Amino acid sequence: MRVGQNPAKSIDNVPQPHTITVALAVYIPFLKGYYAESLEVLKVCLNSIWENTSLPYDLLVFDNDSCSEVKEYLLDAHEKNLIQYLLLSDKNIGKGGAWNFIFQGAPGEIIAYTDSDVYFYPRWLNTSIEILDAFPNAGMVTSRPMRTPEKYFSSTLEWANEHPEVTVESGQFLSWNIDREHTLSLGVSEEQARKWYDSGLDWKLTRDGVSSHLGAAHFQFITKKSLIQQFLPLELDRPMGQVRLFDKLINEAGYLRLTTCEPLVKHLGNKVESYLSDQRKSDDHSNMKRFINNPIIKRSLLGIYNLIFRLYFKY
Numbered sequence: 021m022r023v024g025q026n027p028a029k030s031i032d033n034v035p036q037p038h039t040i041t042v043a044l045a046v047y048i049p050f051l052k053g054y055y056a057e058s059l060e061v062l063k064v065c066l067n068s069i070w071e072n073t074s075l076p077y078d079l080l081v082f083d084n085d086s087c088s089e090v091k092e093y094l095l096d097a098h099e100k101n102l103i104q105y106l107l108l109s110d111k112n113i114g115k116g117g118a119w120n121f122i123f124q125g126a127p128g129e130i131i132a133y134t135d136s137d138v139y140f141y142p143r144w145l146n147t148s149i150e151i152l153d154a155f156p157n158a159g160m161v162t163s164r165p166m167r168t169p170e171k172y173f174s175s176t177l178e179w180a181n182e183h184p185e186v187t188v189e190s191g192q193f194l195s196w197n198i199d200r201e202h203t204l205s206l207g208v209s210e211e212q213a214r215k216w217y218d219s220g221l222d223w224k225l226t227r228d229g230v231s232s233h234l235g236a237a238h239f240q241f242i243t244k245k246s247l248i249q250q251f252l253p254l255e256l257d258r259p260m261g262q263v264r265l266f267d268k269l270i271n272e273a274g275y276l277r278l279t280t281c282e283p284l285v286k287h288l289g290n291k292v293e294s295y296l297s298d299q300r301k302s303d304d305h306s307n308m309k310r311f312i313n314n315p316i317i318k319r320s321l322l323g324i325y326n327l328i329f330r331l332y333f334k335y
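First residue of the sequence shown? That's 21 in our numbering, and the numbers climb one at a time after it.
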């Protein structure tokens, strides 16, 4: 027998989810060997999302049975309302299983998926949304340009060639440094990365003033929930190694696989060194800026500049 009325019945409305769900899958079974720095990488990843995502969003994290230290960190972030939706699995159901949960359970109309080893730069989401809106049938938009096999974006190229309002360009638009940064993060040797770069080709599409490279990658992308759900459930029987099936399904269904024209995310892998390197460069820049803006230094440098300027035009 029930005593009294459930007080929740007096609530007139509930908060509604944001249109965008940023979703992240985590698997860090222990903090040794390959995974020794993975918790620090995860922290860098989440901090960059919190700091550099300017559009309204909810954050969903699916943990695939990580170790206790990782779960404690995620639970603490959830308690602080930094993570809106936290799913904890008591067994590793693989990346395919995590995707099935995420793409079916995410409340937003737009899902921005990422692995847990990605750094996000400012405007990553804004720029990706612009491309998603500008190109009909966009299936995946990754927030950095990269070269992927043409067989995974053949439908995109066919669609572009059939639409006269789309400008199609090919050439080497991607610099060696940008290409190198991502390729080396995958564990490829620099020699092999250079060979691939020298023999590679980039494709660029422009529609309604918005440009995009052809490509996309499953480690980070945005998509529409209504589109991605037609491919579910994904039946991947191994924890890793079969994720290319997703790229294949998107392409075969005729959807576009695109990237931004500039690197707005960075794949960190299992090391924080690349992030720390960027931070050192940023700190060096900030230190130099503070140095030259010191009132005494600034006055001295401007005085020398003015002297050189007067002497140059006097003689």
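All C-beta atoms in this analysis are idealised placements derived from N, C-alpha and C, irrespective of residue type, glycine included.
Just so we're clear, the structure is a prediction, and the values are computed from it rather than from any experiment.
Kindly indicate if chain C contains any beta-carbon less than 8 Å away from that of residue i.
i: Ala-154; result: No chain C is part of this structure, which consists of one protein chain only.
How would you write the range of the beta strand (DSSP E) that residue i sits in, first residue to last?
i: Gly-159; result: 158 to 162
i: Leu-107; result: 105 to 108
i: Asp-135; result: 130 to 135
i: Leu-225; result: 222 to 227
i: Arg-277; result: 276 to 279
i: Leu-234; result: 230 to 234
i: Thr-347; result: The requested residue 347 does not occur in the structure, where the chain is confined to residues 21 to 335.
i: Val-81; result: 78 to 83
i: Ile-113; result: Run containing Ile-113: none; DSSP gives neither H nor E here.
Would residue i pass as a contact of residue j if the rule is Cβ separation under 8 Å?
i: Ala-158; j: Ile-149; result: no
i: Phe-121; j: Phe-82; result: yes
i: Glu-282; j: Gly-116; result: no
i: Asn-72; j: Phe-173; result: no
i: Thr-168; j: Ala-273; result: no
i: Ser-86; j: Ile-48; result: yes
i: Thr-41; j: Leu-80; result: yes
i: Ser-109; j: Asn-84; result: yes
i: Asp-222; j: Phe-193; result: yes
So what's residue i in DSSP terms, helix, strand or just coil?
i: Arg-143; result: coil
i: Ile-198; result: helix
i: Ala-118; result: helix
i: Val-90; result: helix
i: Ile-48; result: coil
Given that a residue counts as buried once 16 or more other Cβ atoms are within 10 Å of its Cβ, and exposed if not, what is residue i?
i: Arg-164; result: buried
i: Lys-224; result: buried
i: Val-64; result: buried
i: Trp-196; result: exposed
i: Arg-277; result: buried
Kindly indicate the opening and closing residues of the alpha helix (DSSP H) around residue i.
i: His-287; result: Not the alpha helix (DSSP H): His-287 falls in the beta strand (DSSP E), residues 285 to 287.
The region 133 to 149 touching the region 222 to 241, judged by at least three CB pairs closer than 8 Å: yes
Stretch pair the region 97 to 113 + the region 52 to 60: three plus CB contacts closer than 8 Å: Flag = no, the region 97 to 113 and the region 52 to 60 do not touch.
Segment contact, 8 Å Cβ cut-off, at least three pairs: the region 270 to 290 with the region 194 to 210: yes
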